[in-house]
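Just so we're on the same page, the working numbering is the position in the sequence shown counted from 1, plus 148.
Below: one structure, written as structure tokens.
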Amino acid sequence: MPTPGPQYIPLLPGSPRRLSPRAVVRGGQGPKHGQQCLQAPGPPASLQGSVPQGSGQASGGGSAPNSSVINNYLEASEPVSSEARVSRMHFYDSQRKVDYVLAYHYRKRGAHPGHSSPGHNLAIVSNGETGKDPQAGAPGDIELGPLDALEEERKEQREEFEHNLMEAGLELEKDLESKSQGSVFVRIHAPWQVLAREAEFLKIKVPTKKEMYEIKSQGSIAKTFSKILHKLSAPLKPRVPEHSNSRMKNLSYPFSREKMYLYNIQDKDTFFDNATRSRIVHEILKRTTCSRANNTMGINSLIANNIYEAAYPLHDGEYDSPGDDMNDRKLLYQEWARYGVFYKFQPIDLIRKYFGEKIGLYFAWLGLYTSFLIPSSVIGIIVFLYGCATIEEDIPSKEMCDQQNAFTMCPLCDTSCDYWNLSSACGTARASHLFDNPATVFFSIFMALWATMFLENWKRLQMRLGYFWDLTGIEEEEERAQEHSRPEYETKVREKMLKESNKSVVQKLGTSGTEAEDEDDEDKLTWKDRFPGYLMNFASILFMIALTFSIVFGVIVYRITTAAALSLNKATRSNVRVTVTATAVIINLVVILILDEIYGAVAKWLTKIEVPKTEQTFEERLILKAFLLKFVNAYSPIFYVAFFKGRFVGRPGSYVYVFDGYRMEECAPGGCLMELCIQLSIIMLGKQLIQNNIFEIGVPKLKKLFRKLKDETEPEEADSAHSKHPEQWDLDYSLEPYTGLTPEYMEMIIQFGFVTLFVASFPLAPVFALLNNVIEVRLDAKKFVTELRRPDAVRTKDIGIWFDILSGIGKFSVIINAFVIAVTSDFIPRLVYQYSYSHNGTLHGFVNHTLSFFNVSQLKEGTQPENSQFEQEVQFCRFKDYREPPWAPNPYEFSKQYWAVLSARLAFVIIFQNLVMFLSVLVDWMIPDIPTDISEQIKREKSLFVDFFLKEEHEKLKLAEEPARRSQSSGHRSKRGPAASPAPSGRSQLGSSASSGSQHTSV
């Protein structure tokens, strides 16, 4: 087929005009005298085979050649100011809505800004070349600049992809490449025919003509309570339309072009909301192919190969625009994304409408989790106040503070440390009682049941939201999402196929028995292809965990050496324990923050080399790796203090040494629970304050500042009128891209672990989590509304793998708290002493009971204290352990009390774990996953829909039979014979009843 000749496209005066397809065709007639024109050559040879729908070929009067200059704009000499635009959400014709935007950066080597004069503007044409005003020289002259091969290849791929988009029915509007370099935006509009076709294909549920019906509460008591609660919470509700009708629901049905009479279509432009329109366009972008780029994934592969730089839907205008004009983004900012409305409920329905179901479910989960922290915070404060109120009644702390007891303790280190009185640790003992009291056992049981109730209520809320948001039957959409492979996966498959194609035919014939199997394996990656990636993942994760443990061990060595060094100086000897503990915790916090960022990047890299096929698989594997590494990183110092510190110290005369002369560290006289509380509180508060808040606020601002400075330093010709009034796609392009919900979920899951795992040692953890989450909700909201590009609306029925992780943490917390109470605290030793060894059933004498004797004459040579004040007086020193005294037949062996306490601890762990697990299962059984009113409404909705469907079908049949009846009555009057008319009438009635019956059967 010969290449078509050049076309002349008229430059319309005044504001930039849309080049309609018909205008392109009319341009083939040639320019009129005095009219400005540009020469536009035909499309590339690869695009000439077919003409897109609505591409502009004349229906009559001769055929015009196809052209890829469709819906483009040519920059006129006198552009209209952006203030004259009616809306920044539409094409320049102010009629067609922008549903999606593609952005890419171009660069011209041969074009220079100085080549054009103010009256001769450059314009982009189909093949990316630049044209000049024909009046400046010979008509049709085009100056070409030497483009490099890579840029030319990308341009051809973009042209083919955009041509395929127009073949799919989309309408495009593209900027001019009139500068030496810059960014170009391709605006995409989906007309009604495309929206209807894709909505039917995606089975999008839309409201029907049926009026909204109320979700009725079961029982009069529940209804009365609901009304009272509604009145009391009225000041806390956001002022948004979607939130006021929380008990009303539309009757929805999957969109079908054959059943248009079911839907209340008043305006085709607004029938589908912006999120649904962008979702439809994104589905087309994902499946549109580009043969030049050798991909089958569409826009994802093109962005991965830097063909396009970004693809995003537009925000609904500006959130801080002056005036009374309101849009969903501005409404979300005023009623949700400001710190001043922290006390209000979240407008979950509006969030779901604007951002999609996936983000809506995240904020619903975060809101429920934050509200559930309120009762746990109240109980935690009560437990803490109980410890404060009973501190004067605690007999063991009184005995430790009583100087008359004069318990002489063994030295804490060799040579430089002296004997010391137990009364000097009075402050630590009193502080330990604040968290180590009988109320903490009750609080641990409560928090285990709290975690179960939270998860059960989330399942109920998830089911309720799924019903109101019409998420039933979403499994088909999730299966369709599995069909889209990731660009990296396709690249690996192509590389594998190229390697397979290079094999000789002889080798393939030699394996003719497995030829079919080999052909099936060529277009996918097998476990053999992935084995190197799996091996690298396994080795890397083991290395990272070992690195974390080695850092914890390094901090232990720091504590031991620093304590020994400070003990040599008399001035710092009194504050050794406080100094070492505080500095070590700060070091742990800094290391955790640094490793968190490293582990996040490492987890992403490890997941990439696995080459998962779909985005969902990639996300799940990334979450598991990142959670495993960050969990070990955050909790390993806490696990050490809770279960290992002080367990392997040895005894006087037989201490365990890390290095030559450095003894293993031991717990404070009041136990390790107080130090565990300090470690947990500083790490938790530090992560929340620094990582979750300062990083989330500061890092985006620094990125924005850096991007602004970069734009100012780039030598790009700027349009002064455009810079004063930028378009919405320009504003959104300057925002940060949306990268997923994994970071938001991850920080909340780690916090959930802090709240539940070691709550026995820190009852105030829910309080600090609540304070953080009140800020976190608004911080995330502000980030999504003001700082991020609008995400694609993704439909999902649940929060995915995060629920399984939450459930696992909840079950693991029962075991951890059982061991914290049994092993770390003194709860079990006090019970054993009170009911087995006490003479009067009280805790009097408990401190003396837990201290063993040691003969100081048996200290190893060179480890005795130098210049001791107690050298002439001390014969026996005390240390905390259950061991036989020096005068016993088996001195320093474990005593009977030790084995009694150990057996009691193991028994408590078993009883506590089984009791709490039983109560959790009981709570799970008592709370149904599906609310009763929702299950009843699902049944009611089915009957409502059948009635509505039959009613609409009957009305449709009546309208269809009306012309037939009129023609029959007129034919009856025209005939003379009255007996001839009943037969057709009877057949018509019979046919109508049969058709009606067939409709009933199909329903």
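For every residue, glycine included, the Cβ atom is placed at its ideal position computed from N, Cα and C.
Owing to the predicted nature of the structure, the values given are computational and were not obtained by experimental measurement.
Remark: C-beta atoms of Leu560 and Glu814 approach each other more closely than 9 Å. The count of Cβ pairs closer than 8 Å, one atom from the region 592-604 and one from the region 374-383, stays below three, leaving the stretches out of contact.
Under the DSSP definition of a beta bridge, Gly798 partners with Tyr803. Of the residues Phe775, Gly471, Phe900 and Lys303, the one whose Cα lies closest to the Cα of His253 is Lys303. Per DSSP, Tyr248 is not a residue of any alpha helix (DSSP H); the beta strand (DSSP E) it occupies stretches across Tyr248 to Arg255.
The straight-line gap separating the alpha-carbon atoms of Thr418 and Val903 is approximately 46 Å. Where Glu319 is concerned, the enclosing beta strand (DSSP E) starts and stops at Glu319 to Lys322. Note on Asp618: 16 or more other CB atoms within 10 angstroms of its CB, so buried under the neighbour-count rule. Residue Leu450 holds the alpha-carbon nearest to the alpha-carbon of Glu638 among Ser961, Leu462, Cys574 and Leu450. Listed as beta-bridge partners of Thr556 by DSSP are Asn569.
For Lys245, the beta-bridge partners assigned by DSSP are His238. Taking C-alpha positions only, Met611 is separated from Leu1105 by approximately 38 Å.
Here Pro911 is buried: its Cβ has 16 or more other Cβ atoms, across all protein chains shown, within 10 Å.
Membership of Val334 in any alpha helix (DSSP H) is not indicated; the residue belongs instead to the beta strand (DSSP E) covering Gln329 to His337.
Non-local C-beta neighbours of Asp323 in its own chain, meaning closer than 7 Å and more than five positions away in sequence, comprise Val332 and Phe333, ordered along the chain.
Here the C-alpha atom of Tyr805 lies approximately 19 Å from the C-alpha atom of Arg725.
Nearest in C-alpha terms to Glu892, of all of Arg926, Tyr409, Thr727 and Leu883, is Arg926. Taking Gly504 as reference, the option from Ile543, Ser426, Cys536 and Asn453 with the minimal CA-CA separation is Ser426. Distance from Asn585 to Gly535 at the Cβ level is roughly 5 Å; contact confirmed, criterion being Cβ atoms closer than 8 Å. The beta carbon of Gly801 is closer than 8 Å to those of Phe1002, Gln1006, Leu1007, Lys1008 and Tyr1040 in its chain, skipping five residues each way along the sequence.
Excluding five sequence positions before and after Ala751, the CB atoms of its chain that fall closer than 7 Å to its own CB belong to Leu770, Lys773, Ala774 and Leu777, given in chain order. Under DSSP, Arg811 shares a beta bridge with Tyr805. Bounds of any alpha helix (DSSP H) do not take in Leu999; it lies within the beta strand (DSSP E) bounded by Leu999 to Asn1003. Secondary structure of Leu936 (DSSP, three-state): strand.
Closest in alpha carbon position to Val971, among Phe960, Val1049, Val1004 and Ile897, is Val1049. In the DSSP assignment, the residues bridged to Ala459 are Leu250. An exposed status is given to Phe349, since fewer than 16 other beta-carbon atoms sit within 10 Å of its beta-carbon.
The three-state reading of DSSP puts Arg1031 in strand, counting E and B together. In the same chain as Tyr481, and ignoring 5 residues on each side of it, the C-beta atoms closer than 6 Å to its own belong to Tyr467 and Val933, in chain order.
Taking C-beta atoms under 8 Å as the contact rule, Glu1103 and Leu410 fail to qualify, at a distance of about 11 Å. By the Cβ neighbour-count rule, His873 is exposed, with fewer than 16 other Cβ atoms within 10 Å of its own. In the structure shown, the three-state DSSP call for Arg1026 is strand.
Between Ala587 and the set Val1094, Gln1085, Ser973 and Asp1095, the nearest pair of CA atoms involves Ser973.
Shown here for Lys353: same chain residues with a beta carbon closer than 7 Å to its own, the five before and five after excluded, namely Ser400, Tyr401, Pro402 and Asp618 in chain order. The continuous alpha helix (DSSP H) containing Ser961 extends over residues Ile949 to Phe967. For the region 1041-1111, the full-length alpha helix (DSSP H) segments reaching 4 residues or more read 1044-1074 along the chain.
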